[in-house]
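Trainee: Attaching a single structure in structure tokens format; questions to follow.
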Amino acid sequence: MITRKFPILGKSKIREETILKWQTRYDSSQTGAITKTFFPDAKKAYATIRKLKPTPVQTQIFTGHTGIAEYLHRFKLLQSPSCECDADKIESVWHIILECPRYEVARYDLEHKIETKLEKQKCTK
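Following my numbering, the numbering of the sequence shown begins with 1 at its first residue and continues without gaps.
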């Protein structure tokens, strides 16, 4: 039995073409605002995701498809998008990452681990 491996050059070419198609769809899509904030470019997103190997929770944060009030309210699963910390605050991905006092300890730990203060401008570069 003779088996042949697919040439690395061929794999690279297929991956490159796939990422170009992905970028075209990504650019023309009207959805995915949260994902595009974290990953504005498909090629960089591919590299980052392969390196990071995100957990299910990280994937939910990166996509905005989470069990947070803003998302659940959008699908009429909650009456209000408000956060438990303050009825005047929308419980959004950004609120949780940057402001919500319920996640202050986790935010503090992460900021020290990455040696950077979390700010929206830094997250969106």
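Ideal Cβ placement from N, Cα and C applies to all residues, glycine included.
What are the start and end residues of the alpha helix (DSSP H) that includes Lys53?
Mentor: The residue you call residue 53 lines up with position 53 of the sequence shown. Note, Lys53: premise wrong, no alpha helix (DSSP H); not H, not E.
Trainee: Can you tell me the Cβ-Cβ gap for Thr63 and Ile34, rounded? I've got them flagged as a contact below 8 Å.
Mentor: Taking the sequence shown and counting its residues from 1, one reaches residue 63 at position 63. Taking the sequence shown and counting its residues from 1, one reaches residue 34 at position 34. Right, the Cβ-Cβ distance comes to about 6 Å (below 8 Å), so this counts as a contact.
Trainee: With DSSP collapsed to three states, give me the class of Ser82.
Mentor: In the sequence shown, residue 82 corresponds to position 82, counting from 1. Three-state result, Ser82: strand.
Trainee: Evaluate Glu91 with the Cβ neighbour count: other Cβ atoms within 10 Å of its Cβ, from every protein chain shown; 16 or more gives buried, anything less gives exposed.
Mentor: As a working note, residue 91 is residue 91 in the sequence shown. So Glu91 ends up on the buried side.
Trainee: Buried or exposed, going by whether 16 or more other CB atoms sit within 10 Å of the CB of Val93?
Mentor: Position 93 of the sequence shown, counting from 1, holds the residue named residue 93. Val93 should be labelled buried.
Trainee: Are the region 39 to 56 and the region 11 to 26 in contact at 8 Å, needing three or more beta carbon pairs?
Mentor: Because the criterion of three Cβ pairs below 8 Å is met, the region 39 to 56 and the region 11 to 26 touch.
Trainee: Given a cut-off of 9 Å on the beta-carbon distance, is the pair Ala106 and Cys83 in contact?
Mentor: To locate residue 106, count along the sequence shown from 1; it is residue 106. To locate residue 83, count along the sequence shown from 1; it is residue 83. No; because the gap between Cβ atoms is not below 9 Å, this pair is not in contact.
Trainee: Quick one: measure Cβ to Cβ for Ile97 and Leu118, integer angstroms, because I've assumed they're closer than 8 Å.
Mentor: For this step, residue 97 is matched to residue 97 along the sequence shown. For this step, residue 118 is matched to residue 118 along the sequence shown. Contact holds; Cβ gap of about 6 Å.
Trainee: Going straight from the alpha carbon of Pro101 to that of Glu111, what length do you get?
Mentor: Taking the first residue of the sequence shown as position 1, residue 101 is located at position 101. Taking the first residue of the sequence shown as position 1, residue 111 is located at position 111. Their Cα atoms are separated by approximately 15 Å.
Trainee: Would you mind working out which of Ile49, Arg50, Thr66 sits nearest Val57, comparing C-alpha positions?
Mentor: Position 57 of the sequence shown, counted from the start, is the residue given in the question as residue 57. It is Thr66 whose Cα lies nearest to the Cα of Val57.
Trainee: By a C-beta neighbour count over all protein chains shown, 10 Å radius and 16 as the cutoff for buried, is Ile14 buried or exposed?
Mentor: Numbered from its first residue, the sequence shown carries residue 14 at position 14. Classification of Ile14: exposed, given that the 10 Å Cβ count is below 16.
Trainee: Bridge partners of Ile90, per DSSP?
Mentor: For this step, residue 90 is matched to residue 90 along the sequence shown. Answer is Ser82, bridged to Ile90.
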